[in-house]
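S.K.: First the structure, which I've put down as structure tokens, then a few questions once you've had a look.
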Amino acid sequence: DQQVKQNSPSLSVQEGRISILNCDYTNSMFDYFLWYKKYPAEGPTFLISISSIKDKNEDGRFTVFLNKSAKHLSLHIVPSQPGDSAVYFCAAIPNTNAGKSTFGDGTTLTVKP
Amino acid sequence: NAGVTQTPKFRVLKTGQSMTLLCAQDMNHEYMYWYRQDPGMGLRLIHYSVGEGTTAKGEVPDGYNVSRLKKQNFLLGLESAAPSQTSVYFCASSYSVPGQEQPQHFGDGTRLSIL
């Protein structure tokens, strides 16, 4: 049973528009949620996170929203830039095992100039 | 600032051969992890370590062994390579700070092919 799901394998948006990447989870014991960004032939890099006690966290062009009742989080990128084209992974950390993350399968974002 | 370094970057093995993947981090992180990523899938945890001398099984540990003899190094071994172990392997490390999110820092991966 996959505990963290990213149901959209790919997303294509126009430069300057908003990109919205979605993630659903099933385990109510997750305490923290993180987004990572991955370019080809590189390792994932941390992008932004949110604690389960918050519903929004913003960092520049990136905002993560958490809806605990729906067990859903989303990453908003505004405005989208061609350099944002990458694979985005959602990850969740349970409060019982700090550091051990469960990852979604990723969404490939393509931002067209 | 090297961060997390994985050696080698690429390797081709024959079925039944053994090899060791090396991961080194210079950030004094307590936790270290080994993942595999298969096409179209996310990162699956193979083994992890919460400190020097400790190891634990992750989601997909079969066919792999690990050792953490020094805090900065985490080794992943394949005793008898199988084609199903063809994958990209990522090592990661993180701090252990109870009550806070702990982003992991990743190496650039080792692409392993088993023929």
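Residue numbers (the numbering used here), protein chains in the order written: chain A, 239 to 351; chain B, 43 to 157.
Think of the CB as a built atom: it goes at the ideal place given N, C-alpha and C, for glycine as much as any other residue.
Have a look at Pro125/B, Arg110/B, Leu64/B and Val54/B and flag the residue whose alpha-carbon is nearest the alpha-carbon of Phe132/B.
M.R.: Leu64/B
S.K.: Starting from Val102/B, trace the beta strand (DSSP E) in both directions and tell me its first and last residue.
M.R.: Unbroken run through Val102/B: none, as it is neither H nor E.
S.K.: My understanding is that Gln146/B touches Ser339/A, with C-beta atoms under 8 angstroms, so please give their C-beta distance in whole angstroms.
M.R.: About 7 angstroms; that satisfies the 8 angstroms criterion.
S.K.: Kindly list, in the order they appear in chain A, the residues whose Cβ is closer than 7 angstroms to that of Met83/B.
M.R.: Asp343
S.K.: In the structure shown, what three-state DSSP assignment does Gly119/B receive?
M.R.: strand
S.K.: Provide the residue span of the beta strand (DSSP E) that contains Ala329/A, from first to last.
M.R.: Ala324 to Pro332
S.K.: Of all Cβ atoms in chain A, is any one closer than 7 angstroms to the Cβ of Gly105/B?
M.R.: No, because no Cβ of chain A sits closer than 7 angstroms to the Cβ of Gly105/B.
S.K.: Straight-line CA distance for Lys112/B to Leu154/B?
M.R.: 24 angstroms
S.K.: Closer than 7 angstroms between beta carbons: that is the criterion. Which residues of the region 53–80 of chain B meet it against chain A?
M.R.: Listed in chain order, the positions of the region 53–80 of chain B with a beta carbon within less than 7 angstroms of a beta carbon of chain A are Tyr73.
S.K.: Using 7 angstroms as the threshold, is the C-beta distance between Ser257/A and Thr348/A below it?
M.R.: no
S.K.: Along the chain, where does the beta strand (DSSP E) containing Asn295/A start, and where does it finish?
M.R.: Lys294 to Asp297
S.K.: Listed from N- to C-terminal order along the chain, which residues in the region 130–150 of chain B have their beta-carbon within a distance smaller than 7 angstroms of any beta-carbon of chain A?
M.R.: Phe132, Ser136, Ser138, Pro140, Glu143, Gln144, Pro145, Gln146, Phe148, Gly149 and Asp150
S.K.: Would Ser287/A count as contacting chain B if we go by Cβ distances under 7 angstroms?
M.R.: yes
S.K.: Is Gly281/A near Asp150/B, with beta carbons less than 7 angstroms apart?
M.R.: Remark: C-beta atoms of Gly281/A and Asp150/B approach each other more closely than 7 angstroms.
S.K.: What did DSSP end up calling Gln144/B once you bin it into helix, strand or coil?
M.R.: coil
S.K.: Count the other CB atoms within 10 Å of the CB of Thr49/B; is the residue buried (16 or more) or exposed (fewer)?
M.R.: exposed
S.K.: To which residues of the same chain is Tyr277/A closer than 6 angstroms at the C-beta, ignoring the five residues directly before and after it?
M.R.: Excluding its 5 nearest sequence neighbours in each direction, Tyr277/A has C-beta neighbours in its own chain below 6 angstroms: Ala324, listed in chain order.
S.K.: Kindly confirm or deny that the region 53–60 of chain B and the region 120–137 of chain B touch, where touching means at least three C-beta pairs closer than 8 angstroms.
M.R.: The region 53–60 of chain B, when compared against the region 120–137 of chain B, does touch it at the 8 angstroms Cβ threshold.
S.K.: Could you list which residues in chain B have their beta carbon closer than 8 angstroms to that of Ala219/A, in chain order?
M.R.: Residue 219/A lies beyond the stretch modelled for chain A, which goes from 239 to 351, so this question has no answer here.
S.K.: Give a yes or no on whether 7 angstroms exceeds the smallest Cβ distance from Phe284/A to chain B.
M.R.: yes
S.K.: List the residues of chain B whose Cβ lies closer than 9 angstroms to the Cβ of Lys275/A, in chain order.
M.R.: Result: empty, since nearest Cβ-Cβ is about 11 angstroms, beyond 9 angstroms.
S.K.: Ends of the beta strand (DSSP E) at Gln67/B?
M.R.: Gln67/B: member of the beta strand (DSSP E) spanning Met61 to Gln67, first to last residue.
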